[in-house]
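Heads up, the sequence shown is in numbering that gives the first Met the number 0, so the first residue is 0 and it goes up one at a time.
Notes to accompany the following structure.
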Amino acid sequence: MNAGLIVKLLALRQTHRLQSLVRPPRRRFNPIRFIRRKQSADLILCSGAADIRYSFGIIGGISIVKVIEPQADECSLEVQETHLIAFARAFILGDRAERWLHMTVENPKKARVALAKLPESLNPQFCKRISGADAWPESLTDRLGSDRGVYFNGKGAARRTIIAQAAAIRNDAVFSLVPGKLAVCFFHEGWTWICECGQ
Numbered sequence: 000m001n002a003g004l005i006v007k008l009l010a011l012r013q014t015h016r017l018q019s020l021v022r023p024p025r026r027r028f029n030p031i032r033f034i035r036r037k038q039s040a041d042l043i044l045c046s047g048a049a050d051i052r053y054s055f056g057i058i059g060g061i062s063i064v065k066v067i068e069p070q071a072d073e074c075s076l077e078v079q080e081t082h083l084i085a086f087a088r089a090f091i092l093g094d095r096a097e098r099w100l101h102m103t104v105e106n107p108k109k110a111r112v113a114l115a116k117l118p119e120s121l122n123p124q125f126c127k128r129i130s131g132a133d134a135w136p137e138s139l140t141d142r143l144g145s146d147r148g149v150y151f152n153g154k155g156a157a158r159r160t161i162i163a164q165a166a167a168i169r170n171d172a173v174f175s176l177v178p179g180k181l182a183v184c185f186f187h188e189g190w191t192w193i194c195e196c197g198q
């Protein structure tokens, strides 16, 4: 476990009188379980090359841990379209690529529907599903580096961020590092795909 993470957990426990336990992650990287807490607060946890922000609190006696979407720079529409078009042409199955482009580029209001159905449209020749520790933000940073890419989840304009922050959110989304050559796809059930094409 990251030494910086342990220091921050101890500081958090001292400062807010929390009883927290470290547990093995399940679907998403979530190192803290809350036992009891009186108010909610934000904490930034060190995670490899990036800081990931979590919001903690108790609602109706139930502990809540929520990832706060990272603040990232908005991309221009031109950059967004370049990445989405290249992604569709390289990694979406041929018969579904045009429909996917229509829903993400031409009619972005339907993008969330297209992203929710993304796993069945990915070309298995180029996209490999990863799970467990390989899908953690740290592992993805080690594998892909800490370069900024384009993160698109259909909730608005694409944003420039790094893989560790994108992986912490785990919604239906595409994170494109190199247009048409390297991308990571996230699915709301915790699945992750790495899409690579050498062409």
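Each residue gets a CB set at the ideal place from its N, CA and C atoms; glycine is no exception.
Keep in mind the model is a prediction, meaning the values are calculated, not measured.
Cβ of Phe174 within 7 Å of Cβ of Ala165?
Cβ distance < 7 Å, so Phe174 and Ala165 count as in contact.
For Asp171, which of helix, strand or coil comes out of DSSP?
Note: Asp171 maps to coil in three-state DSSP.
From this set, Leu92, Gly155, Lys127, Glu137, which residue's C-alpha is nearest Leu104's C-alpha?
The sequence given here has Val at residue 104, not Leu. The residue with the shortest Cα to Cα distance from Val104 is Gly155.
Out of Thr160, Trp190, Val183, which one is the CA nearest neighbour of Leu86?
It should be pointed out that residue 86 corresponds to Phe in this sequence rather than to Leu. That would be Val183, whose Cα lies nearest to the Cα of Phe86.
Output the residue ranges of the alpha helix (DSSP H) runs that lie fully inside the region 123-156 and measure 4 residues or longer, sorted by chain position.
136-143, all fully within the region 123-156.
Output the distance between the C-alpha atoms of Gly179 and Glu77, rounded to the nearest integer angstrom.
About 15 Å.
Count the C-beta pairs between the region 186-198 and the region 126-141 that are closer than 8 Å, then say yes if the count reaches three, no if not.
The region 186-198 vs the region 126-141: in contact.
Under three-state DSSP, which class holds Trp190?
Three-state DSSP puts Trp190 in coil, outside helix and strand.
If you run the structure through DSSP and keep just helix, strand and coil, what is Leu176?
Of the three classes helix, strand and coil, the one that applies to Leu176 here is strand, per DSSP.
Which residue or residues does DSSP assign as beta-bridge partners of Ala182?
Bridge partners of Ala182: Ser175, Cys194.
Buried or exposed: where does Arg158 fall if 16 or more other Cβ atoms within 10 Å of its Cβ makes it buried?
Arg158 is buried by the Cβ-count criterion.
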